[in-house]
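Step one of this worksheet: look at the structure below.
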DNA sequence: ATAAATTGTTAGATTGATCTAACAAAATTG
DNA sequence: CAATTTTGTTAGATCAATCTAACAATTTAT
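Residue numbers (my numbering), protein chains in the order written: chain G, 13 to 231; chain B, 13 to 231.
Listed below in structure tokens is the structure:
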């Protein structure tokens with residue numbers, strides 16, 4: 013069984029993996045906020061335990077076992093976030109830190125029960141997919157709001173960033189998943205967008221914000 | 013902040029403390045399932061961190077801070093057990109192991125919310141009191157069923173042992189907290205009791221079982 | 001009250017996770 | 001392509017939590 017530390021490395025490796033499934037030591041060190049020598053020794057441990065493949069001076073690659081393990085930890089994290097929001101009344105900006113701890117609990121029944129109580133949700137409160145019990149992840153292909161055109165109507169479906177500050181910004185503008193937005197105009201010099209949505213005055217969203225909003229185009 | 017290991021020592025110290033608030037190194041080693049030298053070095057750490065008082069060859073004593081910290085961990089454990097039973101549908105025999113992990117989560121809001129959702133419960137699913145937010149514990153003085161007399165009617169209120177095996181035994185006899193029992197007779201040679209209770213055939217309970225059942229006498 | 005048993009301590013080793021300093025390989029760039 | 005920068009490795013240290021072996025203090029019992 014992976015230690016809590018190993019579990020955190022697996023999650024980071026899973027999230028950092030590129031098209032070739034590779035992750036550099038330096039990226040991993042940055043993500044984990046530890047030094048490169050620490051990562052160097054940890055990848056040796058992870059390899060010894062069968063979670064990844066490592067060769068000197070090469071980027072590392074999760075084994076299929078490693079990928080599955082990572083996905084199952086992410087499953088626990090996202091089920092927890094959804095449970096906290098749907099069953100315990102937390103705001104979407106409050107749940108990440110709690111889930112970061114709960115995800116390490118070893119009690120399959122606990123997460124099974126959450127899953128059942130919520131009717132087997134497929135996305136978390138930020139629109140990210142919840143891996144299934146086999147660790148399979150259903151990738152969803154959303155469009156970034158910043159790639160949409162003036163006149164289009166879209167539904168906010170997910171976020172590429174779920175930092176507390178960003179979520180609090182969205183709260184302050186009454187923006188939540190499912191909100192139907194109409195793009196009134198796009199400023200060509202800074203790519204900011206003027207949008208309207210239900211029961212809310214017209215808002216201007218910066219390019220930075222638009223990039224982080226993932227949408228489904230409905231008209 | 014106490015490490016997870018330190019938290020476990022604090023809990024054990026709290027539970028093992030005698031009338032003089034003292035705990036021996038050997039008792040603590042047995043409870044924690046580690047060697048005495050391990051305890052020896054850990055009590056030095058715990059003293060350094062202000063959780064207890066230690067002098068060579070003397071039993072240790074929790075400081076008031078240590079007692080409070082321990083009670084607050086026990087609070088998290090018992091709130092969790094109650095939440096698992098009342099809000100998530102677990103059986104009282106399933107919750108200890110899960111709570112043993114959840115109790116180490118650092119997220120006051122999480123336990124606050126459980127507490128609110130359950131309407132501020134004062135006992136856990138096994139009848140043990142839940143310490144309040146200040147770490148104060150309301151001691152309840154129950155009678156052991158084994159100290160009751162033939163002809164008395166009692167209500168099962170708590171247990172002195174909550175091992176999975178004992179809880180499964182109680183389940184098999186449909187005994188749960190709140191069950192009203194009438195003592196038909198007490199066998200003098202082995203102190204077993206013949207009892208009757210709602211919707212159930214007459215049962216014989218061994219002395220060992222009776223000792224572990226805490227009751228309120230109602231007639 | 002001495003011997004035996006129990007309880008507690010010290011010393012020294014191990015493992016996991018981390019660090020800094022020094023160096024080596026690989027990648028980038030003038 | 002050689003110089004510089006970036007990336008990665010090794011060596012060696014530290015800290016927390018654990019162990020065993022050896023010994024010392026305290027308690028119990030004959």
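The beta carbon of each residue, even a glycine, is placed where N, CA and C say it ideally should be. Everything numeric in this text was worked out from a predicted model, so none of it was measured.
At 7 angstroms on the CB atoms, spell out the chain G contacts of residue i, in chain order.
| i | result |
| --- | --- |
| residue 114 (chain B) | 117 |
Could you spell out where the alpha helix (DSSP H) holding residue i opens and where it closes?
| i | result |
| --- | --- |
| residue 93 (chain G) | 76-98 |
| residue 195 (chain G) | No alpha helix (DSSP H) holds residue 195 (chain G); the beta strand (DSSP E) holding it covers 192-198. |
| residue 229 (chain B) | Counting along the chain, residue 229 (chain B) falls outside any alpha helix (DSSP H), though it belongs to the beta strand (DSSP E) covering 225-229. |
| residue 111 (chain B) | 107-114 |
| residue 29 (chain B) | No alpha helix (DSSP H) contains residue 29 (chain B), which DSSP labels as neither H nor E. |
| residue 37 (chain G) | 37-44 |
| residue 179 (chain G) | 176-184 |
| residue 58 (chain B) | 48-60 |
| residue 124 (chain B) | 120-129 |
For residue i, which residues in chain B fall below 7 angstroms Cβ to Cβ?
| i | result |
| --- | --- |
| residue 122 (chain G) | 110 |
| residue 130 (chain G) | The contacting residues do not exist; residue 130 (chain G) stays about 11 angstroms from chain B at best. |
List the residues of chain G that residue i touches, going by C-beta distances under 8 angstroms, in chain order.
| i | result |
| --- | --- |
| residue 78 (chain B) | By Cβ distance, chain G contributes nothing, its closest Cβ being about 23 angstroms from residue 78 (chain B), past 8 angstroms. |
Could you check if residue i belongs to the surroundings of the ligand FAD, using beta carbon to heavy atom distance under 7 angstroms?
| i | result |
| --- | --- |
| residue 21 (chain G) | Of the ligands one can find in the structure shown there are none, so the ligand FAD has no counterpart to examine. |
Going by the DSSP bridge assignment, what does residue i pair with across the sheet?
| i | result |
| --- | --- |
| residue 24 (chain B) | DSSP output for residue 24 (chain B) lists no bridge partner at all. |
| residue 209 (chain B) | B:193 |
| residue 215 (chain G) | G:207 |
| residue 73 (chain B) | B:34 and B:65 |
| residue 155 (chain B) | B:227 |
| residue 135 (chain G) | G:141 |
Residue i touches chain B at which residues, Cβ-Cβ below 9 angstroms?
| i | result |
| --- | --- |
| residue 94 (chain G) | Neighbours of residue 94 (chain G) on chain B: none; closest Cβ ~14 angstroms, over 9 angstroms. |
| residue 125 (chain G) | 96, 100, 101 and 102 |
Taking residue i as the query, report the chain B residues whose CB atoms sit under 8 angstroms from its CB, ordered along the chain.
| i | result |
| --- | --- |
| residue 232 (chain G) | Here chain G comprises residues numbered 13 to 231, so residue 232 (chain G) is not present and cannot be evaluated. |
How many whole angstroms separate the CB atoms of residue i and residue j, which I take to be in contact at a CB cut-off of 8 angstroms?
| i | j | result |
| --- | --- | --- |
| residue 110 (chain G) | residue 122 (chain B) | 5 angstroms |
| residue 171 (chain B) | residue 225 (chain B) | 7 angstroms |
| residue 105 (chain B) | residue 73 (chain B) | At roughly 34 angstroms, the Cβ-Cβ gap does not stay under 8 angstroms, so residue 105 (chain B) and residue 73 (chain B) are not in contact. |
| residue 37 (chain B) | residue 48 (chain B) | 6 angstroms |
| residue 168 (chain B) | residue 155 (chain B) | With 8 angstroms as the limit, residue 168 (chain B) and residue 155 (chain B) do not qualify as a contact, their Cβ atoms being about 11 angstroms apart. |
| residue 40 (chain G) | residue 24 (chain G) | 6 angstroms |
| residue 59 (chain B) | residue 66 (chain B) | 5 angstroms |
| residue 103 (chain B) | residue 22 (chain B) | Not really, about 28 angstroms apart at Cβ, beyond 8 angstroms. |
| residue 223 (chain G) | residue 174 (chain G) | That belief does not hold up - the Cβ atoms of residue 223 (chain G) and residue 174 (chain G) are roughly 14 angstroms apart, past 8 angstroms. |
| residue 221 (chain B) | residue 160 (chain B) | Wrong, their Cβ atoms sit about 13 angstroms apart, outside the cutoff. |
| residue 165 (chain B) | residue 231 (chain B) | 4 angstroms |
| residue 99 (chain B) | residue 130 (chain B) | 7 angstroms |
| residue 185 (chain G) | residue 215 (chain G) | 6 angstroms |
| residue 9 (chain B) | residue 64 (chain B) | There is simply no residue 9 (chain B) to check, as chain B begins at 13 and stops at 231 in what is shown. |
So the beta strand (DSSP E) residue i belongs to, where does it begin and stop?
| i | result |
| --- | --- |
| residue 165 (chain G) | 165-171 |
* Does the pairing of the segment 109-129 of chain G with the segment 91-101 of chain G give three or more beta-carbon distances under 8 angstroms? -> yes
* **Given 8 angstroms, three or more beta-carbon pairs between the segment 78-89 of chain B and the segment 110-125 of chain B** => yes
* To do: Pair every Cβ in the segment 134-153 of chain G with every Cβ in the segment 194-209 of chain G, then say whether three or more of these pairs are closer than 8 angstroms.
  => no
* Asked: Are three or more beta carbon pairs between the segment 131-139 of chain G and the segment 132-142 of chain B nearer than 8 angstroms?
  -> no
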